[in-house]
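Asks: Shown below is the structure under consideration.
In this note's numbering, the protein residues as written are 1 to 445.
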């Protein structure tokens, strides 16, 4: 529904973007319901942070070093970059390009997979494990437990949902800041590894393949280890899920995707290459008490816990935003698929009704809230100590009382001419309604 106030300004209409955006939405038979607040750079920043390629290149080093060794990790990432694997969200494309006979079935199946898979809190889990590794580095006496990671994962997932619920409007600006910090952190770790680490020869990095897992075949080990670098390629296509929130999407969305791919794949390969050059004793790194081989690589390079803790703190920060962005992508994908009727209760999911607790639940909460507020207001005007002086007196009672007196005087003098806030009234049988302000200067004069 579109709302207009008495001054002719839209009250709830989403920011529609350009005429080309409107044309594209009409062509796809979609209603513009989301605000187009992203630009190419902010959307690219969003996708880059969601992909988090260079940190995940370090995180997955454990899998690659175990299965393939340094050379397996390097060449596995090269292969992944060439193929550029995507991470779901293509059910709309399948519906457009698939043969007519299989279009609906293929689109439906493809739509379900991202909805299920993207709900898995992988960034939150990695974030929990990284926080645990941070605790081990900060306090070697700490005894890490698996349930600690589970608890931290749940906490990060909850925080991601809360952030997306209450800070969605500020996301574009925040993404730009996080993107800048992300690049600065990359250069910090990259330079530290190259300058402070003991480098291996190029021959060891590019030609020494290892089977540290005991597969009995180096080829099999490299094949299994290549799945680690594949994970780092996720992110470029995530921008698609925010296409309806990008101005001039048909023009800028491909650019955002290319920026994401170029930045993430480049820095991911660079950081992995640097890490493999200074990895040192692979067995020692894999058996690190931190549980995170990449942390041990940094410790070996710096020989100091303090800078490593600072670097880890920033990476935890990035993982938090990675989880937030993953939640954003998942919710947009869920919304889009439900809007097209692909999920159970699609009508309810795509258009959430107003939150309603029912008469009993609402009344109970209102009564409890009123009781709390009464007690709070009484306590709020109490001084912080008995027998207060002028300096220690709590003057809240004066402020509250003065405000009430001013309001009552204003009501007697002029306030009775106030007619209340704008209200929404239907003007015809269409979906367009008009909100006319009750307040009128001529009436108030």
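Glycine included, every Cβ here is placed at the ideal spot set by N, Cα and C. Note that the structure is predicted; figures quoted are calculated from it, not measured.
Would you say residue 122 faces chain B, with C-beta separation under 8 Å as the test?
Replies: You won't find chain B in this structure, because it holds only one protein chain.
Asks: Following the continuous alpha helix (DSSP H) through residue 127, name the residue where it begins and the one where it ends.
Replies: 122–138
Asks: Tell me residue 253's beta-bridge partners as DSSP assigns them.
Replies: Residue 253 has no beta-bridge partner at all, per DSSP.
Asks: Mind checking whether residue 276 and residue 218 have CB atoms under 8 Å apart?
Replies: no
Asks: Pair every Cβ in the segment 317–328 with every Cβ in the segment 171–184, then say whether three or more of these pairs are closer than 8 Å.
Replies: As far as the Cβ criterion goes, the segment 317–328 touches the segment 171–184, which means the pair count is three or higher.
Asks: Considering only the beta carbon of each residue, do residue 43 and residue 242 sit closer than 8 Å?
Replies: The criterion of a C-beta distance shorter than 8 Å is satisfied by residue 43 and residue 242.
Asks: Taking the C-alpha atoms as reference points, what is the distance between residue 337 and residue 331?
Replies: 10 Å
Asks: Cα separation between residue 196 and residue 301?
Replies: 5 Å
Asks: When we look at the beta-carbon of residue 207 and count the other beta-carbons within 10 Å, is it buried (16 or more) or exposed?
Replies: Result: exposed.
Asks: Flag this pair as touching only if the segment 267–282 and the segment 302–319 have three or more C-beta atom pairs under 8 Å; answer yes or no.
Replies: no
Asks: By Cβ distance below 6 Å, which residues in the same chain neighbour residue 295 in space, the five residues on each side in sequence not counted?
Replies: 133
Asks: In chain order, what residues of the same chain lie with their CB nearer than 6 Å to the CB of residue 149, ignoring the 5 residues before and after it?
Replies: These residues qualify, in order along the chain: 128, 129 and 132.
Asks: Less than 7 Å separating the Cβ of residue 216 from some heavy atom of the ligand SAM?
Replies: Looking at this structure, you won't find the ligand SAM or any other ligand, since it has none at all.
Asks: Could you tell me the alpha carbon to alpha carbon distance between residue 370 and residue 378, rounded to whole angstroms?
Replies: 12 Å
Asks: Alpha carbon to alpha carbon, what distance is there between residue 284 and residue 166?
Replies: Near 45 Å, if we compare the C-alpha coordinates of residue 284 and residue 166.
Asks: Among residues of its own chain, excluding the 5 on either side of residue 164, which ones have a beta-carbon nearer than 7 Å to its beta-carbon?
Replies: 324, 327, 328 and 331
Asks: In terms of alpha-carbon separation, which member of 137, 124 and 140 lies closest to residue 158?
Replies: 124
Asks: Can you tell me whether residue 402 is buried or exposed? The criterion is at least 16 other CB atoms within 10 Å of its CB, across all chains shown.
Replies: By the 10 Å Cβ count, residue 402 comes out exposed.
Asks: Taking its Cβ as the centre, do 16 or more other Cβ atoms sit within 10 Å of residue 146, making it buried, or is it exposed?
Replies: So residue 146 counts as exposed.
Asks: Name the residue from 319, 316, 398 and 290 whose alpha carbon lies nearest to the alpha carbon of residue 141.
Replies: 290
Asks: State buried or exposed for residue 449, treating a residue as buried only when at least 16 other CB atoms are found within 10 Å of its CB.
Replies: This structure cannot settle anything about residue 449, because the visible part of the chain is limited to 1 through 445.
Asks: Who are the near neighbours of residue 185 in its chain, counting only those whose CB is closer than 6 Å to its CB and skipping five residues on each side?
Replies: Once the five neighbours on either side are set aside, the close Cβ partners of residue 185 are 314.
Asks: My guess is that residue 57 and residue 271 are in contact by the Cβ rule of under 8 Å, so how many angstroms apart are they, rounded?
Replies: Taking a contact as a CB-CB distance under 8 Å, the pair residue 57 and residue 271 counts as one, their CB atoms being some 5 Å apart.
Asks: Just list the residues that DSSP pairs residue 334 with in beta bridges.
Replies: DSSP lists no partner for residue 334.
Asks: Hey, which unbroken runs of the alpha helix (DSSP H) at 4 residues or more fall wholly within the segment 155–224?
Replies: 171–196 and 202–207
Asks: Where residue 256 and residue 181 are concerned, what is the direct C-alpha to C-alpha distance, given to the nearest angstrom?
Replies: 18 Å
Asks: Return helix, strand or coil for residue 152, following the three-state DSSP convention.
Replies: helix
Asks: Do the CB positions of residue 268 and residue 175 come within less than 8 Å of each other?
Replies: Using a Cβ distance threshold of 8 Å, residue 268 and residue 175 do not count as a contacting pair.
Asks: With H, G and I counted as helix, E and B as strand and the rest as coil, what does DSSP make of residue 102?
Replies: Residue 102 falls in the coil class under three-state DSSP.
Asks: Verify whether the separation of the beta carbon atoms of residue 263 and residue 48 is less than 8 Å.
Replies: yes
Asks: When you compare each of 381, 388 and 412 to residue 399 by their alpha carbons, which one comes out closest?
Replies: 381
Asks: Rounded to whole angstroms, what is the Cα-Cα separation between residue 198 and residue 178?
Replies: 31 Å
Asks: Below 8 Å between beta carbons: does that hold for residue 100 and residue 106?
Replies: Their beta carbons are not under 8 Å apart, which means residue 100 does not touch residue 106 by this criterion.
Asks: Do you know offhand how far residue 252's Cα is from residue 245's?
Replies: 11 Å
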